[in-house]
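Trainee: My structure is below; once you've seen it, I'll send some questions.
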Amino acid sequence: MIGYLIRRVLGAIPLLLGILTIIFFIIHIAPGDPTARFVNPNVSPRVIEQMRHNLGLDQPLHIQYAKWLWNFIRGDFGYSFGMQQPIGQILKGWNGVLWNTLQLTLVALVMIFVVGMLVGIVQAVRQYSVADNVLSFVALFFYSMPSFWFALMLILLFSLKANQLMAAHPGWHWLGWFQFPASGMTSVGYEYMSFGGKVADRFKHIFLPAVALGIGNAAGVARYMRGSMLEVIHQDFIRTARAKGLSERTVIFKHALRNALIPIITLLGLYLPFLLSGAVLVETIFGWPGMGRAIVDAILQRDYPMVMATSFVIAAMVVLGNLLSDVLYAVVDPRIRTE
Amino acid sequence: MHPMRTSTRGPALLRTAALPALLALAAACGDRRPAPGTAARPDSADGTPEPGGTAVVVELGDMEMPSPLLAQGGLDSDLFDVLYMGLTRGAWRDGRPVYLTSSESPMALAYHWEYVGADSTALRYRMRRGVRWSDGQPVTAADVVFTYALFADPRVASPRQDDVAQIDSVRAENDSTVVFYFKRRYPDMLFASGIPVVPRHVYEAAGPGGIRGHPSFTDPVGHVVVSGPFTIGAWSRGSSITLVPNLYFSPKPRLDRVVIRVVPEATTRVVEVRNRAADFVRGISFDQVPQLLGPGSGLRVEREHKRFWEYIAYQESAHPAFADPQVRRALGMAIDVPGIIRALRMEGFTQQAAGPYSPIFRDLFDSTRMKPLPYDTAGAKRILEARGWRDADGDGVREKDGQPLRFTLLTNSGNARRADVSQIVQQQWKKVGVDARLQQIETNVFFGNITGKKFEAALGSWQVPLSADITIMWSPQSPFNITGYDGQEGWALMQQALAQPTAAKADPLWRAAAERIVQDQPYTWLYYYDQVTVVRDRLRGVRVDSYGAYQNLWEWWIPRSLQGGTGSAGGASSPAPGAGARDTSRNQAQNQKQNGKR
């Protein structure tokens, strides 16, 4: 297994380099310029030229590429034209955009699988029941919902309307459980909260973005789970388990679920890139300072070093996600060989 | 002087200078309006200011480099005017820019200035003593000299380098006296010498080449040294900036802190203000105002008046029709601008435009001599017929010498208002036999296309500069003369205006030049429009005008009875009275320590 992993990781290096090289040339060839944001009647063309020189944009493209590649190989992502900061500093750390996005995607990922699997199991166990039909309808509804629209609806209902209801009915304290902030990662005054208060505040802020990001995928997982469970619970070993007199709970959760999970668990790695791309919209709407927003801003500003760095992170995650899927598949199903 | 000199004209001024940011801002103003927001203004009956409280500001974007040297528009330009003092403090009074001394504004370092030299080409400033940086070091004339040397140094590549182009040298006569020697006497000498000052002892070691990598920019909390009323207490990138009082600034700011939250999505910003989670929300589009205001809303609207004008520009070499001033006039007459303002519900926030000077200029806007074009389709048709543009083949589109009056009207994507305006204009032009094809492109590319003259007609907006000098917009060599206009008479008037020593002598020439340009209609001027900010009534002492939104941040206050916070979990909550002393920021702690020493 270790050898297999090393081979896969080594094999990913030329793939990543190829992806990044294509992105480098596409973004440089595309119309627009990083100094366009400085161009205004206050700034003379002479100053703009000086800026281009300082940023190294006046050099031939192949020289720029060679310089970028050399720095990249040494682990130096460069300096963001837009944010005016070293990119490593922007990406890394507990306040970095990468960790902010990972928090959001990890919470969304947990929600996707917990909710999706539970719904799928209920539907499979109660096949063709009213519950199965209703859940199928609901799952399809969320599956087909555009995430930006859904995000705005969540804000409207669970932030604005809930807040208005609370103001109109001061005695309805329970409404507080359904009222969430519209944006940001923490409240103003977070640093003055107790530890428990901080945890609750973090949860309240991440809940709506995570739901907006994950609900569509949760619906997808539910459909997969339902199909997988149905396939398993009609097999002979389940009938045998029931014949042995095992309780239905044991049959479903111990015998059926384990086997039904095999195709589902591989989705874990595959959803990671989907979540990262979905985070672009969700982060913008919820004012979440993550990588999705950073990528969009970088592209709009032609912040080449930032585009390259964030593209690398995403490409690496896609590669790792795929690797994770393969590994998990091998782990949960001993019949799969890695050789 | 430059037309978009606003950037240097003060806080929000610079903000607006960066055009892409400007276009994006303009884009944010979707603009469908209701009544102009004039709810009750508690500022007029504020009562006695009370200390304490946290004001929550919501902005569209994050800060990047809030230094007068390196700021490139957006929030940075607003912030550096809060963080740093200048020799004088710019302001907008009665339709004119003024430069206040320390007797009129605590943000001014100089208590006196005077012209010196036989031809008055030098300015001597006398600085008040006792002003200190936030690290306790005194602010001296050496800081001023150092600041201007950095501005002029090409290695710094300051976007404001041109603002100091007319300064020959800056010399300190002693610790509190500094003299600016200019290459010539001109009206904007006070403006050029009033740029905020940065601390020499902080940046000298980095040198001009290394200043961009200085820790005060890459990690400002605990490293930035300021002279203004607030400093940066905390920064969560892309999320929020916490401003805390600089304890060396006098008078002491009334608020314990100002938290600036970054919310890029317009709808979310509206929800935040309706949830009482924000006190001061920028980037509100005209169509959002009616849902926010109303009886009991507890909100009011403040505006930065008429700081932009929306235009249709005609690139003279792109189509034979555009080379003819009469045809350009006819195209303008075919557009019902008041109808567009009504249709898009922009009344109250816009005014039909007539030329490059906005009505905010008392000495430059001349409504008697420069009037908006009338909406007159019959007149437009007559002019087009007379100029030889006729629909000979009956296809609804006029032609001349085999060339149809057909062109592409370009605008930037992501701006709902411009998308609407371009469609209305297309229909109105169609009625007079003009076929405009609409095209929207990304803002960055749009801006490159218009300054590179790669367009036929373009719908966009310019920021109104707070200076009379509009030469860069009309100089034949300037990339900002996007239409390729080559009016010799107007250009000669501008050259004469530039040579005048005082505004009183230059202004009539600028007016005459503008009038001459308007006669030729290189643009169709559509309307001047405001920037709108929604403010909660609990926030008092706020002054927003054409000069900017944060110009008196140290005077903002919240009545003690209302300092308790908001009705939202995500909203503003203030620390208990006196809790400012527990602020976790390094700067605050540092300041307190220094304060204790004092």
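Taken in order, these protein sequences are the chains called A and B.
Using our numbering, read the first sequence as starting at 1 and increasing by one per residue.
Using our numbering, read the second sequence as starting at 1001 and increasing by one per residue.
Note that beta-carbon positions come from the ideal geometry of N, C-alpha and C, so glycine has one too.
Bear in mind that the values here come from a model prediction, so they are computed numbers and not experimental data.
(1) Could you check whether the Cβ of Q1351 of chain B sits closer than 8 Å to any Cβ belonging to chain A?
(2) Rank B:T1533, B:W1491, B:K1183 and B:T1502 by C-alpha distance to the C-alpha of A1513 of chain B and give the top, closest one.
(3) Output the residue ranges of the alpha helix (DSSP H) runs that lie fully inside the stretch 1145-1202 of chain B and measure 4 residues or longer, sorted by chain position.
(4) Using only alpha-carbon positions, find the residue among A:D132, A:P60, A:D33 and A:V307 that is nearest to I48 of chain A.
(5) With C-beta atoms as the reference, is G1460 of chain B less than 8 Å away from N1412 of chain B?
(6) Can you tell me the Cα-Cα spacing of R1511 of chain B and P1196 of chain B, whole angstroms?
(7) Taking A994 of chain B as the reference, which of B:A1266, B:F1407 and B:V1542 has the closest Cα?
(8) Hey, does R249 of chain A have any beta-carbon neighbour from chain B nearer than 8 Å?
(9) Hey, out of B:V1259, B:P1154 and B:G1117, whose CA is closest to S1069 of chain B's CA?
(10) Give the range of the beta strand (DSSP E) segment to which A1323 of chain B is assigned.
(11) Would you kindly work out how many angstroms separate the C-alpha atoms of Q1371 of chain B and Q179 of chain A, rounded to a whole number?
(12) Out of curiosity, what's the CA-to-CA distance linking A1313 of chain B and M145 of chain A?
(13) Residue range of the alpha helix (DSSP H) that V199 of chain A falls in?
(14) Which residues share a DSSP beta bridge with Y329 of chain A?
(15) Does any residue of chain B bring its CB to less than 8 Å from the CB of L17 of chain A?
(16) Can you tell me whether Y128 of chain A is buried or exposed? The criterion is at least 16 other CB atoms within 10 Å of its CB, across all chains shown.
(17) Can you name the residues that DSSP bridges to S1461 of chain B?
(18) List the residues of chain B that F207 of chain A touches, going by C-beta distances under 8 Å, in chain order.
(19) Extract the residue ranges of the alpha helix (DSSP H) inside the stretch 1062-1106 of chain B, only unbroken runs of 4 or more that lie entirely within it.
(20) Helix, strand or coil: how does DSSP classify L1526 of chain B here?
(21) Report the residue from B:R1200, B:G1541 and B:D1163 whose alpha carbon sits nearest the alpha carbon of L1190 of chain B.
(22) Would you call P60 of chain A buried or exposed, if buried means 16 or more other Cβ atoms sit within 10 Å of its Cβ?
(23) Using a Cβ cut-off of 9 Å, which residues of the stretch 1160-1184 of chain B contact any Cβ in chain A, in chain order?
(24) Check H1223 of chain B in the structure and name its three-state DSSP category.
(25) With 8 Å as the threshold, decide whether the Cβ of M74 of chain A is near any Cβ in chain B.
(26) Between V352 of chain A and chain B, is there a C-beta pair that is closer than 8 Å?
(27) With a threshold of 8 Å, are at least 3 pairs of Cβ atoms found where one atom belongs to the stretch 290-308 of chain A and the other to the stretch 70-86 of chain A?
(28) Spell out a yes or no on whether the stretch 1296-1312 of chain B and the stretch 1525-1539 of chain B are touching, meaning 3 or more CB-CB pairs, one atom from each, closer than 8 Å.
(29) When the cut-off is 8 Å and only beta carbons count, does R202 of chain A lie next to chain B?
(30) According to DSSP, simplified to helix, strand and coil, what is M1 of chain A?
(31) Going by other Cβ atoms of all chains shown within 10 Å of its Cβ, with 16 needed for buried, is V1273 of chain B buried or exposed?
(32) What residue range is occupied by the uninterrupted beta strand (DSSP E) comprising Y1115 of chain B?
(33) Return the chain-ordered ranges of every alpha helix (DSSP H) run that is complete within the stretch 1472-1555 of chain B and spans a minimum of 4 residues.
(34) So I215 of chain A contacts chain B; which residues on that side make the cut at Cβ distance below 7 Å?
(35) Check the Cβ of A1157 of chain B against every Cβ in chain A and list those closer than 7 Å, keeping chain order.
(36) Which first and last residues belong to the alpha helix (DSSP H) in which T105 of chain A is found?
Mentor: Reading it off the structure:
(1) Not an interface residue.
(2) Among B:T1533, B:W1491, B:K1183 and B:T1502, the Cα nearest to that of A1513 of chain B is on B:W1491.
(3) List check, alpha helix (DSSP H) in window: 1189-1192.
(4) Looking at the Cα atoms, A:D33 is the closest of the given residues.
(5) With contacts defined by Cβ atoms closer than 8 Å, G1460 of chain B and N1412 of chain B form a contacting pair.
(6) Each residue's alpha carbon lies about 30 Å from the other.
(7) Not covered by the structure: residue 994 of chain B. The range shown for chain B is 1001 to 1598.
(8) Not an interface residue.
(9) One point to set straight first is that residue 1069 of chain B is Leu, not Ser, in the sequence displayed. Closest by alpha carbon: B:P1154.
(10) Judged by DSSP secondary structure, A1323 of chain B falls outside any beta strand (DSSP E); it is assigned neither H nor E.
(11) Residue 1371 of chain B is actually Lys in this sequence, not Gln. Looking at the two C-alpha atoms, the distance is approximately 53 Å.
(12) Spanning the two alpha carbons is a distance of roughly 41 Å.
(13) Taken as a continuous stretch (DSSP letters only), the alpha helix (DSSP H) holding V199 of chain A covers F195 to I233.
(14) The secondary-structure analysis by DSSP pairs Y329 of chain A with nothing; it has no beta-bridge partner.
(15) Using a Cβ-Cβ cut-off of 8 Å, L17 of chain A does not count as an interface residue toward chain B, since no Cβ of chain B sits closer than that to its own.
(16) In summary, Y128 of chain A is exposed, with fewer than 16 beta-carbon neighbours lying within 10 Å of its beta-carbon over all protein chains present.
(17) Looking at the DSSP assignment, S1461 of chain B forms a beta bridge with B:E1310.
(18) In chain order: nothing, as chain B lies at least about 11 Å away.
(19) For the stretch 1062-1106 of chain B, whole alpha helix (DSSP H) runs of length 4 or above, ordered along the chain, are 1075-1083.
(20) Looking at L1526 of chain B - three-state DSSP - the assignment turns out to be strand.
(21) Just measuring C-alpha positions, the residue of B:R1200, B:G1541 and B:D1163 sitting nearest L1190 of chain B is B:D1163.
(22) Under this definition P60 of chain A is an exposed residue.
(23) Listed in sequence order: R1160, Q1161, D1162, D1163 and A1165.
(24) Reduced to three states, the DSSP call for H1223 of chain B is coil.
(25) In the sequence on display, residue 74 of chain A carries Arg and not Met. Between R74 of chain A and chain B, the shortest Cβ-Cβ separation is not below 8 Å.
(26) Chain A is shown only over 1 to 339; residue 352 of chain A falls outside these bounds and no answer can be derived.
(27) Yes: at least three Cβ pairs fall under 8 Å.
(28) Note that the stretch 1296-1312 of chain B touches the stretch 1525-1539 of chain B; at least 3 beta-carbon pairs, one per stretch, sit closer than 8 Å.
(29) R202 of chain A does not count as touching chain B.
(30) Reduced to three states, the DSSP call for M1 of chain A is coil.
(31) By the Cβ neighbour-count rule, V1273 of chain B is buried, with 16 or more other Cβ atoms within 10 Å of its own.
(32) Run containing Y1115 of chain B: A1110 to V1116, per the beta strand (DSSP E) assignment.
(33) The qualifying runs are 1488-1498 and 1503-1520.
(34) Result: empty, since nearest Cβ-Cβ is about 18 Å, beyond 7 Å.
(35) Chain A residues near A1157 of chain B: V47, Q50, M51 and N54.
(36) Where T105 of chain A is concerned, the enclosing alpha helix (DSSP H) stretches over V97 to V125.
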